[in-house]
Every structure is written in structure tokens, then in C-alpha cells.
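First to last, the protein sequences are chains A and B.
Read left to right, the first sequence gives residues 0 to 166 (numbering that gives the first Met the number 0).
Read left to right, the second sequence gives residues 0 to 166 (numbering that gives the first Met the number 0).
By construction, the Cβ of each residue, glycine as well, lies at the ideal position given by its N, Cα and C atoms.
To start, the structure itself, in C-alpha cells.
There are 2 protein chains.
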Amino acid sequence: MTSTDSQFDPRFDLVLDREIDVPRERVWAAWTEPERIKQWFTPAPWQTVACEIDLRPGGAFRTVMRSPEGEDQPPTVGCYLEIVENEKLVWTTILEPGFRPARPGAPGACHGLAFTAVITLHAHGNGTRYRVVAMHPDEESSRRHDELGFQDGWGTALDQLVALYRN
Amino acid sequence: MTSTDSQFDPRFDLVLDREIDVPRERVWAAWTEPERIKQWFTPAPWQTVACEIDLRPGGAFRTVMRSPEGEDQPPTVGCYLEIVENEKLVWTTILEPGFRPARPGAPGACHGLAFTAVITLHAHGNGTRYRVVAMHPDEESSRRHDELGFQDGWGTALDQLVALYRN
């Protein structure tokens with residue numbers, strides 16, 4: 000058992016759980032290589048126009064999204080917490096690189112939302128069972144993330160990933 | 000270089016840096032074994048009366064302090080982020096076990112303070128160079144931690160550790 004296997008709490012957490020026709024090594028590459036992230040991470044017509052990745056616990060990713068009107072947003076930053084190649088990726092919006100606490104509501108914290116994302120990949124036939132759990136501190140922030148379009152946003156991004164990397 | 004080596008920021012961070020006459024293996028044991036934590040972690044006449052430790056990234060420690068008047072405080076919880084035996088221990092007050100974001104101001108978050116503690120131990124003769132950096136999100140929370148007695152509190156606790164475990 001790893002650190003986050005038994006932590007799911009339906010009051011506080013949002014889940015996207017799908018079987019996709021993409022081998023998990025390709026899903027892992029899509030999540031951990033900047034040039035690939037830029038291809039799928041943001042639902043069109045929005046784009047990800049910049050991405051840096053420092054893939055280690057305490058390292059971070061930093062992405063910049065561009066609106067359909069061409070306006071770049073403040074960077075989104077997530078600090079990696081747990082990295083198990085091809086299996087599991089855990090990151091949080093509430094820490095900056097080097098594990099420094101992020102300022103509450105800082106623009107780098109994804110829409111000001113405090114959450115930890117746990118992405119798990121299980122081999123499933125030739126594809127992957129892909130599961131994202133977004134863990135929040137309380138019901139209110141979970142509901143807010145839901146209203147901001149968690150299912151739609153993460154689901155559409157995943158559709159884009161599948162379209163690019165399917166078997 | 001590990002994740003937190005180059006992150007020190009004098010505007011946001013507090014430091015305790017001392018050479019102590021305790022081998023670093025004993026300092027490590029004092030930090031990671033519940034029965035030892037209870038002996039030194041809280042400046043007398045306060046006491047630590049309970050301690051649980053789950054020593055892995057995403058695990059946590061939970062301590063209960065008792066006031067001189069015999070009143071138990073809400074538990075203090077810290078989530079481990081990086082563990083290098085006998086060398087480095089990193090934990091944060093802003094995550095709960097399993098990396099879930101803590102509720103801001105929750106009683107488990109050490110006095111409501113958002114910080115990440117980086118404890119590094121370097122062998123120094125027969126003793127240890129002992130360094131704690133408390134990283135905060137901004138100047139205000141760093142100042143507040145300072146006013147709450149960071150130097151005195153951490154310094155006095157360290158004196159207690161040294162008295163118990165010195166060469």
C-alpha cells in the first residue's frame with residue numbers, strides 16, 4: 000500500500016475513473032514530458048503554450064494556458080509529492096517548488112483551489128484504467144472545484160490525450 | 000542536491016543552526032521514535048503526552064501537548080514529505096496524512112501556522128551540525144511564527160534533546 004491508497008473521502012473528493020485504450024507507459028509520458036503536456040492538458044480552444052517539469056518530489060510543473068482570445072493566464076504550478084513511474088503521480092497546488100507552502104489564493108494555485116491530485120494507472124488489457132482523485136480540505140472547496148467544471152475539464156483533457164495516444 | 004537544498008529565502012524563512020554534541024544517528028532516533036519525541040519535543044514545563052509516527056512520505060506524526068495546568072491541546076499534525084535516514088527530514092503543517100490539504104487554521108496545523116520544516120543533520124566531529132529551516136508562504140506568516148517564539152521554542156526543545164542524548 001502506498002501513501003494515498005486508502006484516503007478517498009466522498010465528502011471531500013472528486014473522482015474521474017475511466018478505462019482508456021492507451022497503454023499506461025504512454026499515459027505516463029503524456030503526463031511527464033513537457034512537449035506532450037502541451038498537446039492535451041488544456042481543453043480546446045484553450046491551449047497550453049508553455050510547460051516546465053522538474054519530476055521529483057519537491058519539484059514542480061509550471062504550465063501557462065492561453066485563452067481563445069490569445070490571453071496568457073498566470074502560470075499554474077503543482078508540486079510533486081509522490082512519483083511511481085507508469086503507476087502513480089501525486090501533486091498538490093498548495094506547495095511551491097521545494098515544498099514551500101503556497102500563498103493562499105496565489106495565482107499559481109490552480110484557480111486558487113487547494114487540492115492534491117492522485118493519478119493512478121493500472122494496466123487493463125492493452126489499455127489503462129485511469130483514475131484521478133482530487134482531494135480537498137473540506138466540502139466547500141470540493142463543491143467549488145466541481146462547479147468550476149472538474150468532470151468536464153479533466154474529462155475533455157483526457158479525451159484529447161486518448162485521441163493522440165490511443166492504440 | 001535534494002529538493003530543498005537551495006530554497007532558503009531570508010524574507011520568508013526562520014532558521015535554527017547549531018553544532019551539538021550528539022551523533023546524528025541519535026538525533027534521528029530522537030526525531031523519529033515516538034517514545035523519544037515525548038521526552039524532548041516540548042519545552043518544559045509543557046509536556047508531550049502522546050505521539051504517533053507513520054514515517055513515510057504522506058505519513059504523518061501526531062503529538063498532543065499538555066499545558067503546565069494539565070490541559071491537553073488539540074493534536075499537532077505534520078505530514079512527512081522527504082525522509083533521508085540520519086540526514087534529512089521534511090514535513091509540513093499544511094497537509095494531512097495521505098497528502099490531503101489541511102483546512103486553513105485547523106487546530107492540527109501547528110498554531111494555525113502554515114510552514115514546512117526542513118531538518119538537516121551533518122556529521123560534525125563526534126556530533127552534529129543541526130539545522131532547521133521553517134519555510135513560510137510570506138513575510139507575515141514568518142514574522143508571526145517568529146513572534147510566537149520560534150527561536151526560543153525550537154532552541155529550548157533542542158537543549159532538552161542534547162541533555163538527553165549527548166556524548
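Taking C-alpha atoms, which residue in the options lies nearest to residue i?
i: P33(A); options: C50(A), H121(A) and E68(A); result: C50(A)
i: R187(A); options: G58(A), A156(A) and P73(A); result: With chain A running from 0 to 166 in the structure shown, residue 187(A) is simply not present.
i: G148(B); options: T119(B), P96(B) and T41(B); result: T41(B)
i: F7(A); options: E70(B), V83(B), G77(B) and G97(B); result: G97(B)
i: V83(A); options: L54(A), R61(A), G126(A) and A43(A); result: L54(A)
i: E68(A); options: T75(A), Q46(A) and A122(A); result: Q46(A)
i: F11(A); options: G154(A), R143(A) and E86(A); result: R143(A)
i: V76(B); options: N85(B), E70(B) and T91(B); result: T91(B)
i: Q159(A); options: Q38(A), V48(A) and E81(A); result: Q38(A)
i: F60(B); options: E95(B), E86(B), M134(B) and V131(B); result: E95(B)
i: A156(B); options: E138(B), V131(B) and N166(B); result: V131(B)
How about residue i and residue j: are their beta carbons less than 7 angstroms apart?
i: R23(B); j: A29(B); result: no
i: S141(B); j: A113(B); result: no
i: P136(A); j: R102(B); result: yes
i: Y79(B); j: G58(B); result: yes
i: D145(A); j: L13(A); result: yes
i: V21(A); j: G152(A); result: no
i: R25(B); j: Y164(B); result: yes
Mind reading off the beta-carbon distance from residue i to residue j? Whole number of angstroms is fine, and I expect it under 8 angstroms.
i: P100(A); j: I93(B); result: 5 angstroms
i: V117(B); j: V89(B); result: 5 angstroms
For residue i, which residues in the same chain have their Cβ closer than 8 angstroms to its Cβ, ignoring the five residues on either side in sequence?
i: P44(B); result: P67
i: H123(B); result: E18
i: N166(B); result: D20, V21, P22, N125 and G126
Near residue i, which residues of its chain fall below 7 angstroms by C-beta distance, leaving aside the five closest residues on each side in sequence?
i: Q150(A); result: L15
i: G154(A); result: L15
i: T62(B); result: I36, F40, T47, A49, C50, P74 and T75
i: A133(B); result: D12, L13, F114, A116, H144 and F149
i: E138(A); result: R10 and F11
i: E70(A); result: none
Within the same chain, show all residues whose beta-carbon is closer than 6 angstroms to that of residue i, passing over the 5 residues directly before and after it, in chain order.
i: H121(A); result: R128
i: K87(A); result: T119
i: T31(B); result: L54
i: N85(B); result: R23, E24 and W27
i: I52(A); result: P33 and F60
i: M0(A); result: With a pLDDT of 44 at M0(A), under the threshold of 50, the modelled position of that residue is not reliable, and the figure given next carries that caveat. Contacts found: none.
Taking 6 angstroms as the cut-off, is the C-beta of residue i nearer than that to any heavy atom in the ligand HEM?
i: V89(A); result: What this structure holds is no ligand at all, so the ligand HEM is not there to describe.
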